[in-house]
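In the UniProt record's numbering, the protein residues as written are 1 to 444.
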């Protein structure tokens with residue numbers, strides 16, 4: 001089937017252009033086609049912006065084992081509604097994704113449930129280095145340096161070093177120093193005040209773990225990705241990326257801070273914890289300076305009734321896959337960044353970091369993963385109207401300008417203004433790690 005998206009402002013690699021894009025099956029086949037070109041469907045997109053589909057490189061779809069919170073069907077529908085066409089899921093499911101067999105079982109599960117494209121990280125444990133050495137069909141290895149949701153926590157320094165020394169895949173880390181967290185937790189005792197979550201999981205805890213991971217990456221010349229940066233203090237630890245180190249930030253760490261506990265309570269509880277307004281500003285500046293390369297959500301839905309338990313019984317994590325693009329487009333409307341920035345941080349950047357083939361750009365020969373956005377649409381974010389199974393958000397009631405209205409995955413329209421087509425699943429993402437990651441791609 002040929003689809004012509006006509007007269008949009010198209011976000012091309014060289015910048016925006018008012019033009020048309022022709023899709024043939026799953027592929028972009030022509031940009032600025034002749035007026036006489038024939039298509040099976042024509043989408044008149046005047047006044048709209050056409051972006052590459054967002055690649056969310058950090059999600060927790062809870063499938064298998066936590067499907068009361070989310071699953072690959074509901075989570076991928078939420079992604080499509082948010083303009084996200086590719087998700088990379090983390091390994092702390094139940095069972096945890098710690099072997100090639102379990103990885104392939106998740107890939108099979110996604111092949112029938114996910115309506116967007118997908119890939120899965122493999123988690124590191126104290127005794128699975130053999131699996132990590134031979135792992136394939138994965139963006140990389142996820143290491144939890146601090147305890148968080150699930151049981152994947154690697155506290156043995158020797159095993160941490162061995163993974164950097166002996167494996168080849170890119171490594172993503174949750175960087176928080178467990179010793180500092182434990183010491184702070186003991187100091188605060190049996191606190192029931194969620195504000196103390198930020199006093200326990202401090203900037204020093206993040207900076208300490210980042211320092212250790214960066215040192216190992218440089219010693220062993222191993223590609224390292226720092227997940228969900230939350231503090232200015234940690235930024236200083238990787239000013240020199242040595243062509244090895246990349247980082248991400250979430251919308252909630254960009255836009256929320258400790259002052260939001262007053263209104264949100266445990267709905268603002270996450271790992272790493274919220275920091276200060278000064279940290280918000282430093283993180284945005286790090287994005288603008290290319291010290292942080294991508295925006296990812298750490299989409300971590302929990303049931304509302306669980307989140308509303310009193311601290312510390314309340315779990316950490318917030319949903320985000322559905323709201324990330326609107327929140328970032330709102331920063332464009334507020335002139336905090338440009339639309340070109342957002343496309344780089346959410347589309348092209350993740351494809352470069354994780355060596356994803358044929359995604360992240362609107363270019364002939366690339367996959368037809370696209371999102372049409374209305375940059376003038378202003379609407380409040382409302383949890384009950386969301387597609388994610390948990391149906392709550394820490395951004396409840398926030399009015400934002402700029403919303404996705406139509407989404408295509410491999411040339412198939414899967415979302416249009418509140419309606420879904422779930423008749424065809426997304427596809428498994430292909431990774432070509434010989435490409436060398438973000439810095440090789442930027443230099444190239």
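Positions of the beta carbon are idealized from the N, C-alpha and C atoms, including for glycine.
DSSP, reduced to helix, strand and coil, places residue 420 within a strand of the structure shown.
Burial check for residue 225: the Cβ neighbour count within 10 Å reaches 16 or more, so the residue is buried. Around the C-beta of residue 75, 16 or more other C-beta atoms lie within 10 Å, and the residue is accordingly described as buried.
Straight through space, the alpha carbons of residue 64 and residue 304 are spaced by roughly 20 Å. Around the C-beta of residue 208, 16 or more other C-beta atoms lie within 10 Å, and the residue is accordingly described as buried.
In terms of Cα proximity to residue 101, the closest of 401, 120 and 311 is 120. Residue 164 carries a helical assignment under DSSP once its states are collapsed to helix, strand and coil. Between the alpha carbons of residue 88 and residue 400 lies a gap of roughly 26 Å. DSSP, reduced to helix, strand and coil, places residue 153 outside both helices and strands of the structure shown, so it counts as coil. The beta strand (DSSP E) runs lying completely inside the region 371–442 and spanning 3 residues or more are 399–409 and 412–416, given in chain order.
Rounded to the nearest whole angstrom, the C-alpha separation of residue 165 and residue 128 is 14 Å. The DSSP-derived three-state label of residue 132 is helix.
Under a 10 Å Cβ-count criterion, residue 357 is classified as exposed, with fewer than 16 other Cβ atoms of the shown protein chains found around its own Cβ. A check of alpha carbon separations from residue 77 across 430, 424, 433 and 436 identifies 424 as the nearest. Taking 4 residues as the minimum length, the alpha helix (DSSP H) runs contained wholly in the region 89–130 are 100–113, in order along the chain. Taken through DSSP and simplified to helix, strand or coil, residue 280 comes out as helix. Sequence-distant Cβ neighbours of residue 11 in its own chain, meaning closer than 6 Å and more than five residues away, are 51 and 343. Distances from the alpha-carbon of residue 435 to those of 242, 223 and 372 put 223 closest. When secondary structure is reduced to three states using DSSP, residue 40 falls in the coil class, being assigned neither helix nor strand.
Here DSSP, grouped into helix, strand and coil, assigns residue 261 to helix. Pairing residue 320 with residue 252 gives a Cβ-Cβ distance under 8 Å.
A distance below 8 Å between beta-carbons, with the five flanking residues on each side excluded, links residue 340 to the following residues of its chain, in chain order: 11, 15 and 16. At the C-beta level, residue 142 and residue 301 stay beyond 8 Å of one another.
Residue environment analysis places residue 308 among the exposed positions, since fewer than 16 neighbouring C-beta atoms fall within 10 angstroms of its C-beta. Boundaries of the alpha helix (DSSP H) around residue 182: 178–188.
In this model, residue 154 and residue 57 are separated by some 21 Å (Cα to Cα).
For residue 200, the enclosing alpha helix (DSSP H) covers residues 197–200. Residue pairing of residue 15 in beta bridges, as defined by DSSP: 12.
In this structure, residue 72 lies away from residue 96, with their beta-carbon atoms at least 8 Å apart.
By the Cβ-count criterion, residue 426 is buried, with 16 or more other Cβ atoms from all chains shown falling within 10 Å of its own Cβ. Beta bridge pairing from DSSP links residue 301 with no other residue. For residue 142, the enclosing beta strand (DSSP E) has its first and last residue at 141–144. The Cβ neighbour count for residue 292, taken over all protein chains shown within 10 Å, is at least 16; the residue is labelled buried.
A straight-line Cα-Cα distance of about 9 Å links residue 328 and residue 295.
According to the DSSP secondary-structure assignment, residue 225 is paired through a beta bridge with 172 and 246. Take residue 126, set aside five residues on each side of it, and the residues of its chain with a beta-carbon closer than 6 Å to its own are 156 and 159, in chain order.
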